[in-house]
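Taken in sequence, the protein lines are chains A and B. Residue numbers 246 to 536, in the numbering used here, belong to the letters of the first sequence in order. Residue numbers 1411 to 1800, in the numbering used here, belong to the letters of the second sequence in order. C-beta: ideal position from N, C-alpha, C; glycine also. For reference, the structure discussed in these notes is given below.
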Amino acid sequence: MFQAINNALDIALGKDPSAIIFGEDVGFGGVFRCTLGLQDKYGKDRVFNTPLCEQGIAGFGIGAAAAGSTAIAEIQFADYIFPAFDQLVNEAAKYRYRSGNTFNCGNLTVRSTWGAVGHGGLYHSQCPEAYFAHTPGLKIVVPRGALKAKGLLLSCIQDRDPCIFFEPKILYRGAVDDVPLKEYTLPLGKADILLEGDAVTLVGWGTQVHVLLEAAQLAQKELGVSCEVIDLVTILPWDRETVCNEECFLHLESPIQRVTGFDTPFPHIFEPFYLPDKWRCFDAIKKSVNY
Amino acid sequence: MAKTSLVRDVAAVACGETLSCLWDGVDRHLSSARTSITLATDDKPMFPGFSAQWTDKLHFIDPTSYGTIPVYRVLDYGGNIINSSEDPKLDQSKVVEIYHCMTLLNSMDRILYECQRQGRISFYMTHYGEEATAVGSAAAINPDDLVFAQYRETGVLMWRGYTLDQFINQCFGNCEDEGKGRMMPIHYGSKANNFVTISSPLTVQLPQVSLVRGGDIGRNNGYAISTPSHEQYRGDGIAAHGPAYGMATIRVDGNDIFAVYNATKAAREFAVKENRPVLIEALTYRIGHHSTSDDSSTYRQDSEVNQWTGASHPIARLKQYMENQGWWTEAQEKEWKQDTVNRVRKSLERCEKRLKPDWREMFYDVYEKMPDHLIDSDDSDWPRVRRSCP
């Protein structure tokens, strides 16, 4: 997946002379190799390191976008996005609205590595999308693999609203797809139905989509239950139509189950017990169908 | 080789008598180290990111061990140019234009402040005592230079031709406000005037401005609401931070329009030519209350404020200069002051009568296109706002 992201960034820089990439350590290729070779190809004034200051990175990106540049900022880990929270929530999200659409920072995309990685502990595992989901004005996207990552990232970069693109870091090397080398985009705000089913609907995003697919297989095998699996893809604005829960109140045959991480910080040694793995998802499916 | 013998002593204590068998080895190691240390003292330190010298004296750098940054000024309190080589030699029409701008701002402040007291607008912030910093710097840069401001830089917009109606429309949030009535009063913005819309969170504009690589201008007016400077920092103001970040830095008398003008003009030239940032700290005094929600007499004495309303006031000083030049008379002063008040009152009358924007403006511009969760796009009565929460 990191190669698909690298390829998307390469296309964005090649196509748009105003596009710039910046963040901590992006110059030599990034700590996850996502910006490899880009500084050599496009020069130091288009791909460059910033000081270690997340609020500065986000603010700089907003300024660049407001002045007309396509700004692609990297926050090294989603866990370290909080110093930029003020810039993203109070500034980026509200730039267009508060100025009556005279100024905007729609050309800003913030990429950040996201999610559990097996041993990341408290500060290399977090999934902070819910904090941002309460922020009108932002778009939040999480891909589930290489093919999606490239198309969605290019959409985010071209979109006229500020986007936060969370990259599941466990998939950087883990997720392998056949990815077209040419440019393509995938729609934001559109969920994917990955598996058709009629008994239970399972919704997730990022890495968890793969867990849900496994849980669905398990449910089919063990319980003879056919599950529909949906990748939400975009957290905000999310695809209500595909998921459709508000209007289907009268169709609900059991309470909605939420299988999530626990209400604790993300632990190091206990990660296997903390994650909502396929067995916990399977149990929830069982509970639902037996209700 | 004081250091080496210290190491030897420590090593000796650590080894003790019982470990003397190891001493030979330590000694041999130190002997070879001594050779390389001798070589290193002839050299400069090689730590990455520094070009410093060694010192063998233990000495803390104390803020009192070097001088403070001086305050640059051009005009004295009598409106005279102190050093003729620093005279910006602005012609009469430009100086009068600057004076007009500062005083019009002052009249607008007085009337809108009263307006807020009467509950006609919800909020206001005056610029008393700080008229020169904004107008002086605006006059020194190009009209297409992008300005990111806090909220006491209205003079920049006024200098660039933003009209009284435009200011007052914003304060009333009426249907002609470019911002569509969404922001609190004084949060002006203008694409046409290259003035990025003001927002309330403090200093957020600072990293946004980095891209522009212009001069950063700090207004140091002695207070942050009620907090005096000595509770905000212990160093030599804001200017002392500049060199630490590798920035060209200057401190100016913010009540001296020509000092502000000269410093900003030079800073602009330097920044554009060298592609390097400049920091200007303009020292002023916040004569007015912090805002209409603040009574500054609860934390400072009237006598303190009064020191700043006399000859040191930026408007008084420029007026004195103009009078010295024979460019301005008391009669002109009287007529102009009345004119500004009339203009603001007339604008106020017009703007106050205007309707508020269509209520549906509340839902636009959150995103470039209105997302489905804000509206029922299939409703014929579009845009009917969703009644239920998503």
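- A/D406 sits in coil when the DSSP states are folded into three classes, being neither helix nor strand.
- Proximity of chain A to B/Y1777 at the Cβ level (cut-off 7 Å) is accounted for by G382, D406, in chain order.
- Its chain contains S400 as the residues whose beta carbon lies nearer than 8 Å to that of A/P432, once the 5 sequence neighbours on both sides are disregarded; these appear in chain order.
- Taking C-beta atoms as the reference points, A/Q284 and A/A303 fail to come closer than 7 Å.
- At a cut-off of 4 residues, the continuous stretches assigned as alpha helix (DSSP H) that sit fully inside the segment 395-447 of chain A are 416-419.
- For A/T315, the enclosing beta strand (DSSP E) covers residues 315-320.
- At a cut-off of 7 Å between C-beta atoms, A/G301 counts as an interface residue with respect to chain B.
- In this structure, the alpha-carbon of B/R1629 lies about 11 Å from that of B/E1541.
- Nearest neighbour of A/T505 by Cα position, chosen from A/R485, A/G259, A/D528, turns out to be A/D528.
- One thing to note: A/R278 has its Cβ no nearer than 7 Å to the Cβ of A/E319.
- Per the coordinates, the alpha-carbon of A/I250 lies some 9 Å from the alpha-carbon of A/G396.
- A/V454 places its beta carbon less than 7 Å from that of A/R389.
- Below 8 Å, enough C-beta pairs join the segment 1649-1658 of chain B and the segment 1683-1696 of chain B to call them touching: three or more.
- Taking a C-beta distance under 7 Å as the contact criterion, B/P1498 and B/F1668 qualify as a contact pair.
- Remark: C-beta atoms of B/R1755 and B/C1585 do not approach each other more closely than 7 Å.
- Assignment of A/L520 by DSSP, reduced to helix, strand and coil, places it in the coil class.
- The shortest CA-to-CA distance from B/Q1748 to any of B/V1662, B/S1503, B/D1501, B/T1513 is the one to B/T1513.
- B/P1638 and A/E299 have their C-alpha atoms roughly 29 Å apart.
- For the segment 1683-1699 of chain B, the set of positions with a beta-carbon nearer than 8 Å to some beta-carbon of chain A is empty.
- From the beta-carbon of B/G1589, the residues of chain A found nearer than 8 Å are R343, S344, G345, T347.
- By the Cβ criterion, the segment 1772-1784 of chain B is not in contact with the segment 1597-1609 of chain B, since fewer than three pairs of Cβ atoms, one from each stretch, lie closer than 8 Å.
- With at least 16 other beta carbons inside 10 angstroms of its own, B/H1537 counts as buried.
- Between A/C350 and A/K384, the C-beta gap is not smaller than 7 Å, which leaves the two residues out of contact.
- Legend: CB atoms of the segment 430-444 of chain A lying less than 9 Å from CB atoms of chain B belong to residues G434.
- Between B/N1603 and B/D1554, the C-beta spacing is not below 7 Å.
- Excluding five sequence positions before and after A/V387, the CB atoms of its chain that fall closer than 6 Å to its own CB belong to F411, W450, G451, given in chain order.
- B/E1524 places its beta carbon 7 Å or farther from that of B/A1544.
- Within the segment 321-337 of chain A, the residues whose Cβ lies closer than 8 Å to some Cβ of chain B are D331, Q332, N335, E336, listed in chain order.
- Between A/E459 and A/K523, the CB-CB gap stays under 7 Å.
- Taking a beta-carbon distance threshold of 7 Å, A/G272 does not count as an interface residue toward chain B.
- With respect to the C-alpha of B/V1481, the residue from B/N1665, B/W1769, B/Q1711 having the closest C-alpha is B/N1665.
- The alpha carbon of B/E1762 has as its nearest neighbour, out of B/D1575, B/Y1561, B/A1548, B/K1504, the alpha carbon of B/D1575.
- Between the alpha carbons of A/F322 and A/G313 lies a gap of roughly 27 Å.
- Here B/D1663 has V1481, Y1482, R1483, A1669, L1693 as same chain residues with Cβ atoms under 7 Å from its own Cβ, once five neighbours each way along the sequence are excluded.
- By the 16-neighbour rule on beta-carbons within 10 angstroms, A/H496 is exposed.
- For the segment 476-499 of chain A, the set of residues with a beta-carbon nearer than 8 Å to any beta-carbon of chain B comprises P482, W483, R485, E486, E491, in chain order.
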